[in-house]
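Quick note, the sequences are listed as chains A and B, same order.
Numbered according to the UniProt record's numbering, the first sequence terminates at residue 438, and the numbering increases by one at each position without gaps.
Numbered according to the UniProt record's numbering, the second sequence terminates at residue 113, and the numbering increases by one at each position without gaps.
We treat Cβ as the ideally placed atom computed from N, Cα and C, and that holds for glycine.
See structure below.
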Amino acid sequence: MSDNANKISTSRRQLLKGLGLASLFPAISACAATGSSQASAGRVVVIGGGFGGATAAKYIKRGNPAIDVTLVEPNKTFYTCPFSNLVLAGEHQLESIGHNYDELKQVYGVKVVHALAQDIDPVAHRVSLSDGQTLQYDKLLMSPGIDMRWNAIEGYDEAAAELAPHAWKAGPQTLLLRQQLEAMQDGETFIMSVPGNPFRCPPGPYERASLVAHYFKKHKPRSKILILDAKDNFSKQGLFTAGWQAEYGDMIEWVGLSNDGRVVRVDAARREVETEFGTRHQAAALNVIPPQKAGFIAERAGVTDQTGWVPVNPVTFESTLVKDIYVVGDATVAAPMPKSGFAANAQGKVAASAIVAALAGVNPLEPVWANTCYSLINPDYGISVAGVYKVQDNQIIDVEGAGGLSAADASDSVRKAEAAYAVGWYNAITQDTWGTRS
Amino acid sequence: MTRSILLHKRGLHKLLLATFFASAASLAQAEEFSPAQVQLLAAACANCHGTDGKLADAIPAIAGRPVMVLEAQLQAFKQGLQPNTTVMDRIAKGYTDAELSALANHFANVDKH
């Protein structure tokens, strides 16, 4: 006990002396900044209130409550893509995947502005918002998510997405696709068009097919699911394929790139798609997940490269193109880390720590990230892929010997435990990000 | 089945003992990292265990548990001695022994409330 007390006081002294970051202690960082008499230790604007942005805002405040943090997010409720496939399957209501910003405001003292960030002046360090406000920053952190590449597939634009939803941003699009699935007659076909890499949530389309199959099995047992894919391999492919076979027989058909799986044209009004070699497929419900790029504000800030994504310094997640702008989440080039909510949260913490360090004038810490992506074959059958990542020679690397897939021969009880852990994970990450739970 | 459980228990027992004798060494190892560095390492655990490891749900809370139990459990995951594990065996293998010790120390010292 006294050893511990000694250890802490020694460490604290060292920290104060060496780093000036006493506030990294939870006992101190638990105090909200509101009402604090300390002078501002810097101004940070965070754009985007999803997994990356909300986490970063919270962890900057935990790191140093004296930093002034303003979060800019147009929506008062954020709907998560994780578990939106359960909403599609009718297992969850949309409200159960909605999260708000009360904890960030009330517990951590983050200022939250519900407006859209429209432009950034990286020289003047200014963000202009849709409500006419201009925010000044010392450090800007953005977690802009993805935008669809409209018309990358002929005929698939914003208007077409109202007829053939992408449902790749959760919310109204999720409900629209749910309505279409509900309106299907037994025996009709649901078609999904899936893009090539990279895209948000690599296992997501295949979990979606699984959970829609779970719904069909109960309510439309003669219906089929056709996945038209612009690639030849996909995340957790062996585990998904085995799960589909075991749970749904031949209900799900997957057609890869080499077998003419790439959709090149969409007629949303007819719910018809055409593949590369001219085959036409008609669906009763059509889900087009189009190719993607970093959210538009990243382009406005000048942090995207020719790929449409954002290159970053792997130690800090600061843009390699524009100083004082940090970018996390799906918008970044962070392979081998996937574009997942889990990764965005993990990157948000690393960038938050780097910003706290930079504002204190000290060097950034050594980052370590973990990622686990659970997918549900059905609500009692879970599979996962995990990874641990570090930086070596200025590259993010997959730590050798760690991570990997659920065992192919796992028992039913392990599959069931993974499904329960998927729910546990969702509750934990949403608590860690927004302080709210489903 | 019984046999593998026995083996597993014996393995964990050995680890607990080993951890007991190594605990002084572990504390020394943990000192290799600055408190800020340990905070950042530990932040990665919150994605599944909640902020500060306090969320008790399908996935157990880790805050405030005895350091020896946490470290033995992490080592059991790393060494593949914990049967029917979901992901922690795959994750623990990505951390050095010193990192796992530092994490065990960190979470043992978090007030669970």
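Q. How about S130 (chain A) and A115 (chain A): are their beta carbons less than 8 Å apart?
A. yes
Taking the continuous beta strand (DSSP E) assigned at C201 (chain A), which residues delimit it?
No beta strand (DSSP E) contains C201 (chain A), which DSSP labels as neither H nor E.
- Roughly how many whole angstroms lie between the Cα atoms of S84 (chain A) and E32 (chain B)? 42 Å
Cβ separation of N427 (chain A) and L55 (chain B), assumed to be a contact under 8 Å, to the nearest whole Å
7 Å
Of all the alpha helix (DSSP H) runs that stay within the bounds of the segment 124-203 of chain A, which reach a length of 4 or more residues?
172-183
Just the C-alpha distance for K390 (chain A) and Y137 (chain A), rounded to the nearest angstrom, thanks.
29 Å
Starting from R280 (chain A), trace the alpha helix (DSSP H) both ways and give me its first and last residue.
Taken as a continuous stretch (DSSP letters only), R280 (chain A) belongs to no alpha helix (DSSP H), being part of the beta strand (DSSP E) at 280-282.
| said: Would F240 (chain A) pass as an interface residue toward chain B - the criterion being a Cβ-Cβ separation below 8 Å? | reply: no
Subject >> Enclosing beta strand (DSSP E) for A56 (chain A) [first to last residue] >> reply: Per DSSP, A56 (chain A) belongs to no beta strand (DSSP E); it is in the alpha helix (DSSP H), 51-63.
| field | Pairwise C-alpha distance: H166 (chain A) and Q292 (chain A) | value | 11 Å
query: Start and end of the alpha helix (DSSP H) containing L86 (chain A)?
result: 84-88
_Inter-stretch contact at 8 Å, needing at least 3 Cβ pairs: the segment 275-295 of chain A / the segment 304-321 of chain A_ = yes
Exercise. Can you tell me where the beta strand (DSSP E) with N378 (chain A) in it begins and where it stops?
Worked result: 368-378
Check your understanding: Of all the options B:R90, B:N109, B:A76, which has the alpha carbon lying nearest to the alpha carbon of E400 (chain A)?
Key -> B:R90
**Q.** Contacting positions in the segment 393-427 of chain A - beta carbon closer than 8 Å to chain B
**A.** V399, G401, A402, G403, G404, S406, S411, S413, V414, A417, E418, A420, Y421, V423, G424, W425, N427
Exercise for the section: Determine the extent of the alpha helix (DSSP H) in which A344 (chain A) is found, giving its start and end residues. Expected result: 341-360
Mapping the DSSP letters down to three states, classify P122 (chain A) as helix, strand or coil. coil
Item checked: Which listed residue (B:L41, B:G50, B:F107) has its alpha carbon closest to that of T96 (chain B) -> B:L41
Status (buried if at least 16 other CB within 10 Å, exposed otherwise) for P364 (chain A): buried
Legend entry - Closer than 7 Å at the beta carbon, the chain A residues around H49 (chain B): A428
Exercise. Could you tell me whether the Cβ of K349 (chain A) comes closer than 8 Å to any Cβ of chain B?
Key: yes
### Query
Does A386 (chain A) come within less than 8 Å of chain B when only Cβ atoms are used?
yes
Got a sec? Which residues, its chain only, sit under 7 Å from I60 (chain A) by beta carbon, not counting five neighbours each side? V44, I67, V69, A352, I355, V356
Exercise. Starting from D57 (chain B), find everything on chain A with Cβ-Cβ shorter than 7 Å and list it in chain order.
Key: G424, N427, A428
Terminal residues of the continuous alpha helix (DSSP H) containing A92 (chain B)? 88-92
query = What residues in its chain sit with their C-beta under 7 Å from that of S36 (chain A), if we drop five residues either side in the sequence?
reply = Per-residue confidence for S36 (chain A) stands at a pLDDT of 43, beneath the threshold of 50, marking its modelled position as unreliable; no derived number is given.
Worksheet item: Under 8 Å, do S210 (chain A) and I97 (chain A) count as touching if we go by C-beta distance?
Response: no
**Asked** Looking at chain A, which residues of the segment 76-94 of chain B have a Cβ within less than 7 Å of any of its Cβ atoms?
**Response** N84, T86, V87, R90, I91, K93, G94
* Asked: Can you tell which of A:I325, A:A346, A:K323 has the C-alpha that lies nearest to the C-alpha of A334 (chain A)?
  -> A:A346
Select from A:G261, A:H214, A:D324 the residue whose C-alpha is nearest the C-alpha of A230 (chain A). A:G261
I'd like the list of long-range same chain contacts for V38 (chain B), defined as Cβ closer than 6 Å, with 5 residues on each side in sequence excluded.
A102, H106
Quiz prompt | Length of the line joining the Cα atoms of N84 (chain B) and Q73 (chain B) | solution = 13 Å
For this session: Taking Y421 (chain A) as part of the alpha helix (DSSP H), name the residues at either end of that continuous run.
Result: 412-434
**Prompt:** What number of angstroms, rounded off, separates the C-alpha of G80 (chain B) from the C-alpha of T332 (chain A)?
**Reply:** 34 Å
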